[in-house]
Each structure stands twice: as structure tokens, then as C-alpha cells.
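In my numbering, the protein residues as written are -11 to 431.
Heads up: the structure comes next, in C-alpha cells.
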């Protein structure tokens, strides 16, 4: 991949940086950060359609934001951007944008998962405050480095788990932490999405659309032929091992968020997958993944188990029956959500919906909603020096690490993997450590 004239460093240098500590990374540790001049925030967007469009327009709706540039590898995606932001410049290569746009304070990184870290780290090295889509990164080690770099540069950051700021999740967190269902014994959490694929990869390759720069889309991954019909772009990259993170990455960061926050969880001690393993190119569906965490002030015992399910998998029948039935007489189990089993009762939290308390000891307790906030505006306000983001990378990094451990565990079915968070490695399965970090394609 050719490096645009004036770009600060090559992909080879970037690969080296990811393998080293922050002290060895170029442009790191000055303590400087981009300052918003005259109460205005000059913002750039990496991605201009889909979730990127949602992030960008939400950020741009803040009255103090000026959108000055956007970047997208597919020209089909930029027409709407050009219409809404006619004054903004458009780029294909994120490195060229960062080299050319000097007066910028913030960025949203809303691309496929495999480019979250390369672009996010490059932005933060420039001193930009970053709103990064979930999962924060594709690989576990990248999440650690994103959090460390944001902290070292004293930057404001926010991960795109917008329900974190909603009244629904905030209320659930408060209820758990106030002991509404007693001490939590275990949690079951699930999504009915199916970001996986057992189909054979189509043979050969197809013509690359004229509007798409396939080299830039593949980015840090190994080059391969383009396959049409949405195999990669624009529709199904979440299913592919190299580019997405499956249902875990798509929904895990959302649905694990209130569990992680409410219980004040730290890094898990172990993780065990009891679902199917991915094939050579795509994630599997119907996951069952069991995490064991150290106990906290909000849990019963020295450890607490949190189990994830996706696709057609669901918690055991005896757990689902605790949810009860709706007014129509049918099961009130939501398509996505969590069940907290406490010593005094049960809290059911739909994604996205208000929590419900279930059980003779807790039913009838008042559920008073906590006021929600605008997740995107909270980020802009922080850049302006007004507060701190709730889903900053100090929080989102460890959350993403936890979620991505499940993806790694799925490659080793029915094997309990012991996690050493401080060393960033599995202590009992050397083969699993190959999936903690990956080598980037060299320039």
C-alpha cells in the first residue's frame, strides 16, 4: 500500500509500534492534545455511511461542531456526505486526511472492525479526541493499546455503546448497585443476531466495483480477491474472521456493558466456549460462552459467572421461566438482553428497555428511571472541557478485551482458557495467544 505524500509514518512503522510499549511509540507522551478554539470543535469522520453516518450526524447536531472532512474508501458512500456537508473535504485514505487536515480536534472512527485500531491510534497520535465504534478494536491487544494511548495523551474518548448513556441501562446499573435484587449470583446475557456463516467461501474472485478502493478497504489485513454479493462489502464483513468480530463483537459490547458496569467487573479469570468453532474464514453462530470473574461488592461469593448466548441459543429453561409472561400470556423473554439472578430476586434487562424486577421479595419495588444523556453530545462536551465521557477508553478498553476473549475462546471449544490480564495472555493454552494480537500487512 503506497503511503501518501506527507503522511507521518508507514504501515510498517505502525506494526512495530503495536508490538512495543508506549515509550517506544513515535509521537506519544507529549501530554499535548488538540484544543477547541473559540468554543468550536472541528471534526472529521472516518466512514460516511451506515453507522458512520449515524455517528457523524449525531455528533454534528451539537451546536459547537464544524465538520471539516470525511473519509471513505467507497465513493458511493460520499454523495450524501457531500450534500449535507458541502464545505467539507473528502478523502479515500485515512492517512492522507490526517496528513492534510492540520486544524482538527476530534474524529469518529466508524469503519469495519479491522480498521478501528489503526485509524484510532493514528488519530490519537495526532492528539485528536476519538469517538470509536464498538467493538473498540478487532483484537484484544489493540484494545489495551487504545486505552493506554488515550490515557497517556490525556484525550477525551467515547466508544459507540450509546445505550450506556440511556435511562434504561443507567437505571439497571443503579438498581443492581443499590441492592434491589440483593447480591448477584450469576448473569445470563444473549443476542438473537447471527453474524456467522457456515457456507463455503466462493471460489475465485469478482471484479472490484469502480467506486471501491479494495486495497484500502482490506487495509491492515492480508490481501485477497474481492468477492461480490456482499460477501465482504458492504454487507457481511462482520461474519468474516479477518474483518469482523461476529455477534460477540457486534452486540457483546452493548449487552455486556450494563453487566460490566453494574457489577464493577474487572478482567475475567477464565472463559470457556461451548458452541461451534469458526471455520477457516467465518465466525460461527449459536455461541454459548461462560466467563468467570472475580467477585465484587455487588456479587455473592469470591467469583461470579456470566454466560453469553447468541443465535438460537438461550439461557436454560429454568432461568427463562423466571422472566414470566407478558400481558398476552406469552413469554416476556426479550430477543436480546440480560437476566441478573440475585439473592433476593431477579432483574430482567431487555436490550433496549427498562429493567423489570421479578420475584416475591422484589416485585412492587419502585423502579425510578435515571435521567439519560446524549452519548454523542457528551463526547463533544468533554472535548469542550465540560465533563468526562462515561464510555471512555479506560472503561471501553477492558470491556472490549472481555468481549473479544469470547471470540478467541470459540476457536477452542470446551476448553477452559485461563486469562492473565496483566500479561495479556492465556496461561494454559499457548495456541490461543496467537489470536490476542496479529501482524498487520506491511507496506
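Idealized CB from N, CA, C, for every residue including glycine.
query                                                                                                                                                                    : result
Cutting at 7 Å between CB atoms, please list the residues of its own chain near residue 152, excluding the five before and the five after it.                            : 245, 363, 378, 379
Do the stretch 406 to 421 and the stretch 108 to 119 make contact, defined as three or more Cβ pairs closer than 8 Å?                                                    : no
Under three-state DSSP, which class holds residue 313?                                                                                                                   : strand
Enumerate, from N- to C-terminal direction, the unbroken beta strand (DSSP E) stretches of 3 or more residues contained entirely within the stretch 30 to 112.           : 53 to 59, 77 to 79, 94 to 97
Just checking my contact of residue 270 with residue 227 at CB under 8 Å: how many whole Å lie between their CB atoms?                                                   : 5 Å
Around the C-beta of residue 439, are 16 or more other C-beta atoms found within 10 angstroms, so that it is buried, or is it exposed?                                   : Lying before the first or after the last residue shown, residue 439 is absent from the chain, which here runs from -11 to 431.
Measure the CB-CB distance between residue 335 and residue 57 and report whether it falls below 8 Å.                                                                     : no
What is the DSSP secondary structure of residue 246, counted as helix, strand or coil?                                                                                   : helix
For residue 230, which residues from the same chain have a beta carbon less than 6 Å from its beta carbon, with the 5 sequence-adjacent residues on both sides left out? : 209
If you draw a straight line from the C-alpha of residue 300 to the C-alpha of residue 250, how long is it?                                                               : 26 Å
Quick one: using the 10 Å Cβ neighbour count with 16 as the cut-off for buried, is residue 266 buried or exposed?                                                        : buried
Does the stretch 166 to 180 come within contact of the stretch 376 to 396, defined as at least 3 CB pairs closer than 8 Å?                                               : no
For residue 330, which residues from the same chain have a beta carbon less than 6 Å from its beta carbon, with the 5 sequence-adjacent residues on both sides left out? : 169, 170, 172
Alpha carbons only, please: which of 376, 429, 343 is nearest the one belonging to residue 158?                                                                          : 343
Looking at residue 44 and residue 33, is the spacing between their C-beta atoms short of 8 Å?                                                                            : yes
Pull up the distance between the alpha-carbon of residue -11 and that of residue 55, whole angstroms please.                                                             : Residue confidence for residue -11 is low, a pLDDT of 40 falling below 50, so the modelled location carries little weight and cannot support an answer.
Residue 366 to residue 46, Cα distance in whole Å?                                                                                                                       : 11 Å
If we count the other Cβ atoms within 10 Å of its Cβ and call it buried at 16 or more, is residue 190 buried or exposed?                                                 : exposed
Looking only at its chain, what residues have a beta carbon closer than 7 Å to the beta carbon of residue 341, apart from the 5 residues adjacent to it on each side?    : 156, 322
Buried or exposed for residue 303, please, with buried defined as at least 16 other CB atoms from any protein chain shown within 10 angstroms of its CB.                 : buried
Could you tell me which of 325, 154, 298, 144 sits nearest to residue 360, measuring between CA atoms?                                                                   : 154
Under the DSSP definition of a beta bridge, which residues are partnered with residue 228?                                                                               : 270
Quick check: the Cα distance between residue 339 and residue 127, rounded to an integer number of angstroms?                                                             : 25 Å
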